[in-house]
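Below is one structure, written out as structure tokens, with a few remarks after it.
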Amino acid sequence: MFLLLAALQAAAFPGVPADWRTRPINAGEWSWRSGPDTSEAVFSDSRGPQLVIRCTRSTRRVSFSRSGAAPGAPIRIATTSSDRLLTGSMVLASDPLLDAISFSRGRLWVDVQGTLPLVLRSAAEPARSIEDCRS
């Protein structure tokens with residue numbers, strides 16, 4: 079059942095375009111903030127926050143939220159070494175996708191149905207939030 083659902087979602091959700099690495103990087107800035115049980119990397123542009131990568135330390139989980147997307151909507155993340163469709167918006171802190179995000183060479187692709195894809199420059203802020211979840 080799970081495999082069928084994953085296959086249907088993947089079929090309905092397009093893959094990463096072959097030229098994503100040569101597309102312009104979205105204008106905007108990464109920032110980092112920490113709370114009592116959270117560590118967040120936030121990508122914002124002139125419209126406000128567009129992507130939040132949030133570590134919840136007590137559960138050692140990292141969640142992704144995209145502005146304008148339905149909560150829990152499937153999200154596709156591509157790095158220079160990985161391409162993955164998350165059917166939920168949360169992964170364990172030990173997930174190899176997080177290493178791929180931290181060590182991506184120059185950029186990453188984030189796409190959620192119903193929003194425009196983001197091509198973001200790699201930055202220290204997501205890596206810091208991910209590392210906070212692992213400490």
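If you read the sequence shown in the working numbering, its first letter stands for residue 79, the second for the next number, and so on.
Glycine residues also receive a C-beta, built at the ideal position from the N, C-alpha and C atoms.
Predicted model, so just to flag it, every value in this text is computed and none were measured.
Quick check on DSSP: helix, strand or coil for residue i?
i: Ile179; result: helix
i: Pro152; result: coil
i: Pro127; result: strand
i: Thr157; result: coil
i: Arg185; result: strand
i: Arg162; result: strand
i: Thr100; result: helix
With C-beta atoms as the reference, is residue i less than 8 Å away from residue j?
i: Val130; j: Ile153; result: no
i: Gln128; j: Leu196; result: yes
i: Arg212; j: Ser200; result: no
i: Ala171; j: Val140; result: yes
i: Arg144; j: Val190; result: yes
i: Thr193; j: Gly146; result: yes
i: Ala105; j: Asp123; result: yes
i: Ser207; j: Trp110; result: yes
If we count the other Cβ atoms within 10 Å of its Cβ and call it buried at 16 or more, is residue i buried or exposed?
i: Gln87; result: Confidence is the limiting factor: at Gln87 the pLDDT is only 43, short of 50, which leaves the residue's position unreliable, though a coordinate-based value still follows. Gln87 comes out exposed.
i: Ile155; result: buried
i: Ala202; result: exposed
i: Pro114; result: exposed
i: Arg132; result: buried
Kindly indicate the opening and closing residues of the alpha helix (DSSP H) around residue i.
i: Asp210; result: Ala202 to Arg212
Under DSSP, the beta strand (DSSP E) around residue i begins and ends at which residues?
i: Leu198; result: Leu196 to Arg199
i: Val140; result: Arg139 to Arg144
i: Trp110; result: Glu107 to Ser112
i: Val94; result: From DSSP, Val94 is part of no beta strand (DSSP E); its letter is neither H nor E.
Requested in this report: Report yes or no: do three or more beta-carbon pairs, one from the segment 114-124 and one from the segment 161-177, lie closer than 8 Å?
Outcome: Counting Cβ pairs under 8 Å, fewer than three are found: no touch.
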